[in-house]
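Protein sequences, first through last, are from chains P and U.
Each residue of the first sequence is one higher than the last, beginning at 1 in my numbering.
Each residue of the second sequence is one higher than the last, beginning at 1001 in my numbering.
The C-beta atom is built at its ideal place from N, Cα and C for all residues, glycine as well.
2 protein chains.
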Amino acid sequence: MSSDASPAPAKTPVTLREVASLAGVSVATASKALNGQGRMTAETRERIRETARRLGFRPNSLAQSLLRRRSFTVGLLTNDTYGRFSLPVMSGISDALVDKGVSVFLCNVEDDQRLGQLHVDAMLDKRVDGIIATGKRIDRHLPVDLSNLGVPVIYAFTQPDPGAIAFVSDDAGGARLAVEHFWRLGRRRIAHVTGPASFAVVHTRAQAYRDVLTENGLPIMEPLLGSWSEAWGHEAVKKLFDGKLSKSGGEKPDAVFCGNDQIARGVIDALRERGLGVPDDVGVIGFDNWQIVAEATRPPLTSVDMNLAALGREAGLTLLSLVGGEPAAPGIRKLPCRLVVRQSCGRPPDG
Amino acid sequence: MSSDASPAPAKTPVTLREVASLAGVSVATASKALNGQGRMTAETRERIRETARRLGFRPNSLAQSLLRRRSFTVGLLTNDTYGRFSLPVMSGISDALVDKGVSVFLCNVEDDQRLGQLHVDAMLDKRVDGIIATGKRIDRHLPVDLSNLGVPVIYAFTQPDPGAIAFVSDDAGGARLAVEHFWRLGRRRIAHVTGPASFAVVHTRAQAYRDVLTENGLPIMEPLLGSWSEAWGHEAVKKLFDGKLSKSGGEKPDAVFCGNDQIARGVIDALRERGLGVPDDVGVIGFDNWQIVAEATRPPLTSVDMNLAALGREAGLTLLSLVGGEPAAPGIRKLPCRLVVRQSCGRPPDG
DNA sequence: TCCTTCTGAGAAAACCTTTTCCCAAATTGC
DNA sequence: GCAATTTGGGAAAAGGTTTTCTCAGAAGGA
């Protein structure tokens, strides 16, 4: 009388045993029928499948995992609660894995060693197939020891253990992208305003900046190190455009390459306040391509994008191949950045 | 000779059977020893415990879950890939659960129904104990059907199904906090600049704004609806301070309550550009307390904080009690906001 | 007709842990 | 000294699935 063709409401999950019994076969046969294994008449197989469908049968992953020693889960460790860096990374990882039926345990360990151990233990207990570590800084370790865990580990946008596999952004390449873009636009007095010396990327990018200038025979203006804030961008403009610029001659910059988008925002605002036009008088390029900031600047900010989602995807895929038993050479893989051109540095080079 | 006291490297996890065999007892006894169950000599119990410790034994969660019908896992569904709203919520949830040994599956379903179904099925297959749904908008449904799943579901900062349990921020209360703060500071001509009409919170907050003004006998200036951007903040200032303000008399506002921090930022910048002092001439309050924005404005922005982490924590705890079998009344629980006072609206009322 | 080969399907072990009985030995009570 | 109880510990089932073996019957060959 009732609609027995509709999938069951699954108040309590239906087991293989129930399917088998309703189809009048053993659980072994039922299992084989549903997995396309074993030999049986097409009629039997179809009958079992139909029964399973009708009952809304879905195999219990826990039981499968126990048997297969493979849980189709991975752990994602991060110490970045709010940040905008690890989020795209995480999203990329998740993207790469969901299609393979792999679920992700998200574990925020803050900077707390105890919490880290807690999470790692929990992940191991739950028999994750692998672990990905990510964080808010590429030059800092997570507060956990991931060596010798018995499962594959991949580092993404965080400092790896020696001998591990890591994916990071190519910051030097990203900086080159920016400075070379200025060069191609005809800018010749290019300054660099960036964050504090305690960040490794500050030095990486600064060196790339110097390299490009040197290669092209341009004068090097010593990079200005400060903080990652708008306020520092303001201040830096004062230093760049007020003072007599030491040895480099005293001419004012016609371009500023900034260490992040907030600094760039400060720089642009400060330039406008002192009557300098962006991009006409001075071009500005930021770093991170933080959309909400880059698009709120006037004019909208050209910025280097680290392709973090792609980085995460790559990390996820690599972990999967490791789990599958394929070998992979240890080392740090740098993934290229890309320049997102908006309006803060003049017309595109091919324009 | 070798350091057999150090925990095993756990290349392959050690099982209870191995512990038992090394301790010279049956697995049953070993299990009871480690769980504090059963009866045995203190000596036996300690010997088993010591063996387990030495081997670095950790029980296989999969096997435990299979038996207990409880996986100590919950699924977290979100459609917010990058947002700053659901991140604190997620963090709060995770916080609340980690201490109880519960791990969280993070599932980003974007706005894709297929992806949603995929994730929900995967979670169910993995026998999550419960599901929490969160999202980027409090007035939109996730693209999934979570009714009648067979596991408890909680909604946090997203639109719930009817009859479900949900936690949301008390937007009306938050708006009251802001407007009443202005009132206590002696501001009497309070404007409201907010986002687009398509957002439910825009109306909720606007109504609360009107209510407070009415209660205190202040003139109502019709809320200005626009977008959530800095640019709109700029534009709104133009409308507020240039035009003849319709029926409300023409006097200029001495306070602006903004729908979010970006609008507030635009408002503050625009006020400064036209020579109006903040907070001396005009007070400004934002919404969301997005730290990085609130602290970059000059002066730093007073803003309404939705306490999203606390909201997440509450949701997590409630889910757990539901999983534990305790009943809970359906309905929407509004959690209070709090006002984070910085420097954009003058000295504190008690100053 | 008898032996071999194939076919379809079931029994049972395995994955790892917990828990409920159950039993032999030791202890207690009288 | 004998029955009743307590003590210490083990055997086995359960949880749900997969996979390997095994086996009865049918089909084919001689």
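Legend entry - C-beta neighbour in chain U for Q343/P, strict 7 Å: no
Inset, instruction - Measure the C-alpha to C-alpha separation of I1285/U and A1206/U and round it to an integer number of angstroms. - result: 14 Å
Legend entry - Below-7 Å beta-carbon distance, K1247/U vs any chain P residue: Bear in mind that a pLDDT of 46 at K1247/U, under 50, signals an unreliable position, so the model cannot answer this.
Inset, instruction - Leaving aside the five residues before and after P300/P along the sequence, list all residues of the same chain whose C-beta is less than 7 Å from its C-beta, in chain order. - result: A294, R342, Q343 and S344
Legend entry - Pair within 7 Å by beta-carbon distance, A52/P and V19/P: Their beta carbons are under 7 Å apart, which means A52/P touches V19/P by this criterion.
Inset, instruction - Kindly indicate which three-state DSSP category G1351/U falls into: helix, strand or coil? - result: For G1351/U, the predicted model reports a pLDDT of 41, less than 50, meaning its position is unreliable and no value from the coordinates is stated.
Inset, instruction - Could you give the DSSP three-state label for T1044/U: helix, strand or coil? - result: Helix, per DSSP.
Inset, instruction - Closer than 6 Å by C-beta to V201/P: which residues in its own chain qualify, once you throw out the five before and the five after it? Chain order, please. - result: Once the five neighbours on either side are set aside, the close Cβ partners of V201/P are D171.
Legend entry - Cβ neighbour criterion (16 or more within 10 Å) applied to N1035/U: By the Cβ neighbour-count rule, N1035/U is exposed, with fewer than 16 other Cβ atoms within 10 Å of its own.
Legend entry - Short CB-CB distance (under 7 Å) between T81/P and chain U: In terms of beta-carbon proximity, T81/P lines the interface with chain U, with at least one pair separated by less than 7 Å.
Inset, instruction - Note the first and the last residue of the continuous beta strand (DSSP E) segment covering L76/P. - result: Looking at the DSSP string, the run of the beta strand (DSSP E) that includes L76/P is T73 to T78.
Inset, instruction - Could you please give me the residues that DSSP links to Y1155/U through a beta bridge? - result: A1133/U and A1166/U
Legend entry - V14/P versus D1125/U - alpha carbon distance: 11 Å
Inset, instruction - Specify the secondary structure class of L185/P as computed by DSSP and reduced to three states. - result: coil
Inset, instruction - Could you tell me whether any Cβ in chain U is nearer than 7 Å to the Cβ of R17/P? - result: no
Legend entry - Min CB distance D125/P to chain U below 7 Å: yes
Inset, instruction - Would you give the residue range spanned by the beta strand (DSSP E) that K1334/U belongs to? - result: G1331 to L1335
Legend entry - Cβ separation of A1309/U and G101/P, assumed to be a contact under 8 Å, to the nearest whole Å: Not quite, the Cβ-Cβ distance comes to about 31 Å (not below 8 Å), so this is no contact.
Inset, instruction - Would you mind working out which of P330/P, E230/P, V120/P and N216/P sits nearest G186/P, comparing C-alpha positions? - result: Of P330/P, E230/P, V120/P and N216/P, the residue nearest in Cα terms is N216/P.
Legend entry - For V323/P, the first and last residue of its enclosing alpha helix (DSSP H): L308 to V323
Inset, instruction - Whole angstroms is fine: what's the gap from F352/P's alpha carbon to D129/P's? - result: The structure shown does not extend to residue 352/P, since chain P is modelled only from 1 through 351, so no value can be given for it.
Inset, instruction - For the segment 1102-1113 of chain U and the segment 1067-1087 of chain U, state whether three or more C-beta atom pairs, one from each stretch, are separated by less than 8 Å. - result: yes
Inset, instruction - Please confirm if R1338/U has its CB atom under 7 Å from at least one CB of chain P. - result: no
Inset, instruction - Going by DSSP, name the residue or residues bridged to R1053/U. - result: DSSP lists no partner for R1053/U.
Inset, instruction - With DSSP as the reference, label L16/P as helix, strand or coil. - result: helix
Legend entry - G174/P beta carbon less than 7 Å from that of R313/P: Cβ atoms of R313/P and G174/P: not closer than 7 Å.
Legend entry - Rounded distance between the beta-carbons of A1033/U and T1044/U, thought under 8 Å: Contact annotation, T1044/U with A1033/U: C-beta distance approximately 7 Å; criterion of less than 8 Å satisfied.
Legend entry - For G92/P, three-class secondary structure by DSSP: In this structure, G92/P counts as helix in the three-state DSSP scheme.
Legend entry - C-beta atoms of M1086/U and T1134/U nearer than 7 Å: Note on identity: in this sequence residue 1086/U is Ser, with Met being the wrong assignment. Yes, the pair counts as a contact, with Cβ atoms nearer than the cut-off.
Legend entry - Where Q1262/U meets chain P, residues with beta-carbon distance less than 9 Å: I292 and A296
Legend entry - Spatially closest choice to H192/P from H203/P, S198/P and R184/P, by CA coordinates: H203/P
Legend entry - Continuous alpha helix (DSSP H) stretch holding S1031/U: start and end: V1027 to N1035
Inset, instruction - Use the C-beta contact count for S303/P: other C-beta atoms within 10 angstroms, 16 or more gives buried, fewer gives exposed. - result: buried
Legend entry - Short-range partners of chain U found in the segment 277-289 of chain P, where Cβ spacing is below 7 Å: Within the segment 277-289 of chain P, no residue has a Cβ that lies closer than 7 Å to any Cβ of chain U.
Inset, instruction - Report yes if the CB atom of L240/P is closer than 7 Å to the CB atom of P253/P, and no otherwise. - result: yes
Inset, instruction - Decide if T81/P is buried, meaning its Cβ has at least 16 other Cβ atoms within 10 Å, or exposed. - result: buried
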